[in-house]
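Residue numbers (my numbering): 682 to 960.
All residues carry an ideal CB built from backbone N, CA and C; glycine is no exception.
Model, not experiment: these values are computed from the prediction.
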Amino acid sequence: MQTAGCRTVIEGLLTYLKDPNRDPTVLDAIVHHVSTCPRCERKMEQFLRALAMDEEDLLTCQACQALLPEYLQAETRGQAEEARWHPVAVHLETCPHCSAEYVALLEMLDLAYGEGEREPPHYPEPKLPFLQAELTKEPPESGRAWYQDALGRLIIEFSAELLRALRTSAYQPAHAAGLKSNRAPNILWQFSLKEAVEDMEVTVTAEADRGDSAFCTLAVEVNIPSKGGWPYLAGTTVALKRGKTVLGVRQTDAFGLVLFERVLKDDLAHLALEITPRS
682 MQTAGCRTVI EGLLTYLKDP NRDPTVLDAI VHHVSTCPRC ERKMEQFLRA LAMDEEDLLT
742 CQACQALLPE YLQAETRGQA EEARWHPVAV HLETCPHCSA EYVALLEMLD LAYGEGEREP
802 PHYPEPKLPF LQAELTKEPP ESGRAWYQDA LGRLIIEFSA ELLRALRTSA YQPAHAAGLK
862 SNRAPNILWQ FSLKEAVEDM EVTVTAEADR GDSAFCTLAV EVNIPSKGGW PYLAGTTVAL
922 KRGKTVLGVR QTDAFGLVLF ERVLKDDLAH LALEITPRS
């Protein structure tokens, strides 16, 4: 899960690449963050690998993930070196999202086809977003928490009942991602819609503000599967509202992420998100 620090580093890196002489201290901050953040470290490794490659990555994330099951079967049969699988191998070398999906599928295969009857050393933490979507679509006693208006905008309305339900599993996202406790953000709750809306997947995460316990950061990740993943997820407009008052408007970056910082925790049950995909 990206934090506010991750977002700052990404913006700093983009600025540095455009003009390395503008602010040399930015590079020190990037190196320091990457050395302490496993997620950014993996992304940086793949980013540098992509820069060093001589050939172009021709696959979108959507196309790559559709081929992953067959690619794993080809690996099992020793056929992954065939020319038809070369674009998949190239994409996995450079894309952090698809390489994570590849590892997850590989772990499931290892568990399913382990040698003999020996019990595996650990059971991978299951990722069941469809169950989370079912929980968040029908919050207790308050009806559905989301709807689409006549303009096709996705509206997510939070309530005290919904937040109580979400807080019961607040520890789960960081644990499922395999983050160490001293590096993981303090996640208050996470709301996810994965299959409820056509061609849109939304995850909203509330992270505790490390400087002031009265505030939190809302991280909103919007994935549009038809766009093919990073870096084509920029441009979705996300508005944070309290009643008719607009508290802030952001546009997603290339990863599909926006952040609303210093949001009062006491206001969360009265807030709504308005998400407008780029046409």
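Cβ neighbour criterion (16 or more within 10 Å) applied to residue i
i	result
Thr898	buried
Asn904	buried
Gly759	exposed
His772	buried
Tyr783	buried
Pro912	exposed
Pro701	exposed
His714	buried
Glu800	Only weak support exists for where Glu800 lies, its pLDDT of 47 falling under 50; the coordinates are left without a value.
Run of the alpha helix (DSSP H) containing residue i, from where it starts to where it stops
i	result
Arg758	No alpha helix (DSSP H) holds Arg758; DSSP gives it neither H nor E.
Thr898	Counting along the chain, Thr898 falls outside any alpha helix (DSSP H), though it belongs to the beta strand (DSSP E) covering 896-904.
Thr706	706-717
Leu869	Element bounds for Leu869: not the alpha helix (DSSP H) but the beta strand (DSSP E), 868-878.
Ala770	767-775
Supposed contact pair residue j and residue i - C-beta distance, whole angstroms, cut 8 Å
i	j	result
Ala846	Glu838	That belief does not hold up - the Cβ atoms of Ala846 and Glu838 are roughly 14 Å apart, past 8 Å.
Glu955	Lys922	6 Å
Gly909	Cys742	5 Å
Glu902	Leu938	5 Å
Ala786	Leu749	This sequence places Leu at residue 786; Ala is not what is there. Confirmed, about 6 Å.
Phe936	Leu914	6 Å
Thr917	Arg959	6 Å
Straight-line gap, residue i to residue j (C-alpha atoms, nearest Å)
i	j	result
Val707	Cys687	13 Å
Ala814	Arg943	Here Ala814 scores only 40 on pLDDT, less than 50, and its place in the model should not be relied on; the value that follows carries that caveat. The straight-line gap from Cα to Cα measures roughly 26 Å.
Leu928	Gln871	20 Å
Arg765	Ile711	37 Å
Leu945	Arg891	13 Å
His767	Ala950	49 Å
Gln932	Val885	15 Å
Val919	Thr957	6 Å
Asp948	Leu832	27 Å
Ile691	Ala889	21 Å
Residues bridged to residue i [DSSP beta-bridge criterion]
i	result
Ile837	Trp827, Leu954
Val939	Val901
Gln754	The partner list for Gln754 (beta bridge, DSSP) is empty, contrary to what the question assumes.
Lys922	Val927, Ala953
Val944	Cys897
Gln746	Answer is none; Gln746 lacks a bridge partner.
Host beta strand (DSSP E) of residue i (start-end)
i	result
Glu888	881-889
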